[in-house]
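Here's the structure we're looking at; comments come further down.
Chains as they are written, first to last, in the numbering used here: chain A, 1 to 169; chain B, 1001 to 1427.
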């Protein structure tokens, strides 16, 4: 075995096997984290994240810090159960909204179709943002999500416009 | 700090084709400058593509937005990084001091900050356009730029702002609704044109039959656009420099285009200053000498006795076989059969009276254009146009004056998204 001492200047010879693989969403905990991360559970203040000095942990499955603090403070079992129920319903509601937005049957269950949608390559910007001046607010967002008719002029008789609808520049 | 301002969109401030209800919402944020700089950071080059390929694709992504809004982008590799408006880079895991860690191959492929920077996850397999396998860097870049400019995710089929990546067989483009979305923030492109015309040419179809076709062109300064009337937009990839598409005529500032088309004559002329050129359709370039031995360019006064250049604009009216030359507040008609002007010059306002009082360009027209698509004549001045009353208008309303000018409208309300791009992005 002879290890290469020098690599190509553009690192093109470094094999992809060294790439870190993203953890797919396969269970409820991962789905919850996905929904939280992309703003389906609570809207995210994206600009605040940009300004943060400390990084959120790369461990996606660690419970939120405030939840652990409440455990340490010895919250009562019934209080914990109520909170768990609230979070569960929030999760289901978020999941339903996600399913609806993605054209998946709205079941509130993490089924195969939902997992597939969550595991698609996607942009890291959250889907739901706080309704400040950051980006557009969600109401404008909803208007943009509607399809709308527009008046397309039709060709008159006499010379046809030779240009087609090709998308090739 | 990024240079942006909170703006209240209102009809008096921006020409934005939106309903009044949207103006009552929270103020929208947008860059306030007309030109933004960008840079692909040296420490953020991708390991997958050559630097040239990366820059080429990013340049194309910036250009695609520039083609639909009055905003230009210029690559800046010299200024201090803090002065660059948009910085882009590729990274993996914890990258470039970013607060958001990439997750490796799969799922998240990029993110962007409004009015800020764009990061691409180099653990994901990015490809150049027309390279089928992998994630199109162009599509991702256009999407992330949309965020930088102020757009959120949009759950609409066909939108470039959908959060999930959707592979496509052919090149993608910004569709009508995506254009409207970004124009809600930045307004529409609205600048005067030098000349507008339909270029008639004949071709043979598959059966050997000659068919007559037309293309609509808009000229401004040194650029031109082919306008697709059916699609309410310009041809993808336009504008193009005049010198590339129209060889032999001046490379900027064309005053007029005239196509004399009779049973016995078929000649195309371009005018600039005191001169004019004849265009050779067969060879797609200007004549230096035509079949009749006439050399070009010629003085307007020689080719059209009685007409002194420079002119503002002109058009050929096939109904009366006159060329209408416009200069200041006057119009001169030149008959192509007699080669003479007759009883002119006259005031434009007398020959083409206003339908609505005081709604008239009066003088210094930018362009006069007969549209085969609309079967109407239009006068252009500044950002507005006036339609000349035609037979159909008269049938609808017999009280309209012959050759009257209908009330003015915004050019951008009828011909959409004819936008300049930065010269560095021209092919």
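Ideal Cβ placement from N, Cα and C applies to all residues, glycine included.
Out of the options, which one is the CA nearest neighbour of residue i?
i	options	result
residue 1158 (chain B)	B:1168, B:1263, B:1151	B:1168
residue 1285 (chain B)	B:1197, B:1292, B:1116, B:1269	B:1269
residue 1372 (chain B)	B:1210, B:1337, B:1217, B:1051	B:1217
residue 1426 (chain B)	B:1040, B:1045, B:1074	B:1074
residue 1087 (chain B)	B:1107, B:1041, B:1128	B:1041
residue 1093 (chain B)	B:1300, B:1310, B:1419, B:1111	B:1111
residue 1177 (chain B)	B:1243, B:1166, B:1232	B:1232
residue 1174 (chain B)	B:1066, B:1122, B:1135, B:1262	B:1066
residue 1251 (chain B)	B:1277, B:1237, B:1259	B:1277
residue 1309 (chain B)	B:1343, B:1266, B:1254, B:1221	B:1254
residue 1424 (chain B)	B:1070, B:1060, B:1291, B:1331	B:1060
residue 1195 (chain B)	B:1096, B:1411, B:1421	B:1411
residue 1418 (chain B)	B:1316, B:1182, B:1227, B:1347	B:1227
residue 1366 (chain B)	B:1420, B:1213, B:1257	B:1257
residue 88 (chain A)	A:38, A:31, A:118	A:31
residue 36 (chain A)	A:124, A:168, A:100	A:124
residue 1135 (chain B)	B:1144, B:1124, B:1145	B:1124
residue 25 (chain A)	A:118, A:126, A:122	A:118
residue 1034 (chain B)	B:1072, B:1058, B:1054, B:1064	B:1072
residue 49 (chain A)	B:1095, B:1113, B:1243	B:1113
residue 1382 (chain B)	B:1389, B:1189, B:1374	B:1189
residue 1133 (chain B)	B:1368, B:1048, B:1389, B:1283	B:1048
Can you tell me which residues form a DSSP beta bridge with residue i?
i	result
residue 1241 (chain B)	B:1223
residue 1315 (chain B)	B:1324
residue 1261 (chain B)	B:1266
residue 1105 (chain B)	A:21
residue 1196 (chain B)	B:1218
residue 1149 (chain B)	Per DSSP, none; premise fails for residue 1149 (chain B).
residue 1423 (chain B)	None, per the DSSP bridge assignment.
residue 1202 (chain B)	B:1212
residue 1330 (chain B)	B:1327, B:1347
residue 89 (chain A)	The partner list for residue 89 (chain A) (beta bridge, DSSP) is empty, contrary to what the question assumes.
residue 107 (chain A)	None, per the DSSP bridge assignment.
residue 1286 (chain B)	B:1279
residue 1038 (chain B)	B:1075, B:1086
For a contact meaning CB atoms closer than 8 Å, what does residue i contact in chain A?
i	result
residue 1053 (chain B)	Those do not exist, as residue 1053 (chain B) stays about 10 Å from chain A at its closest Cβ, beyond 8 Å.
residue 1113 (chain B)	46, 47, 50
residue 1116 (chain B)	50
residue 1143 (chain B)	123
For residue i, does the count of other Cβ atoms within 10 angstroms reach 16, so buried, or fall short, so exposed?
i	result
residue 1355 (chain B)	buried
residue 1205 (chain B)	exposed
residue 1142 (chain B)	buried
residue 1392 (chain B)	exposed
residue 1203 (chain B)	exposed
residue 1406 (chain B)	buried
residue 1068 (chain B)	buried
residue 1161 (chain B)	buried
residue 1005 (chain B)	Confidence in residue 1005 (chain B) is poor, its pLDDT being 35 and thus under 50, which makes the residue's placement too unreliable to answer from.
residue 1415 (chain B)	buried
residue 1081 (chain B)	exposed
residue 1051 (chain B)	exposed
residue 1039 (chain B)	buried
residue 1331 (chain B)	buried
residue 1184 (chain B)	buried
residue 1296 (chain B)	buried
Just the chain A side, please: which residues come within less than 7 Å of residue i by C-beta, in chain order?
i	result
residue 1107 (chain B)	22, 119, 121, 122
residue 1135 (chain B)	121
residue 1110 (chain B)	123, 124
List, in chain order, every chain B residue whose beta-carbon is nearer than 7 Å to that of residue i.
i	result
residue 49 (chain A)	1099, 1100
residue 127 (chain A)	1153, 1163
residue 101 (chain A)	1155
So, helix, strand or coil for residue i, using DSSP?
i	result
residue 1389 (chain B)	coil
residue 1255 (chain B)	coil
residue 132 (chain A)	The pLDDT assigned to residue 132 (chain A) is 48, lower than 50, so where the model puts this residue is not dependable, and the model offers no usable value.
residue 1116 (chain B)	coil
residue 113 (chain A)	helix
residue 1069 (chain B)	coil
residue 1081 (chain B)	helix
residue 1379 (chain B)	strand
residue 1091 (chain B)	strand
residue 1277 (chain B)	strand
residue 1360 (chain B)	coil
residue 1178 (chain B)	helix
residue 1155 (chain B)	coil
residue 1164 (chain B)	strand
Which residues of chain A have a Cβ atom closer than 9 Å to the Cβ of residue i, listed in chain order?
i	result
residue 1368 (chain B)	Under the 9 Å cutoff, chain A gives no residues; its nearest Cβ is about 19 Å from residue 1368 (chain B).
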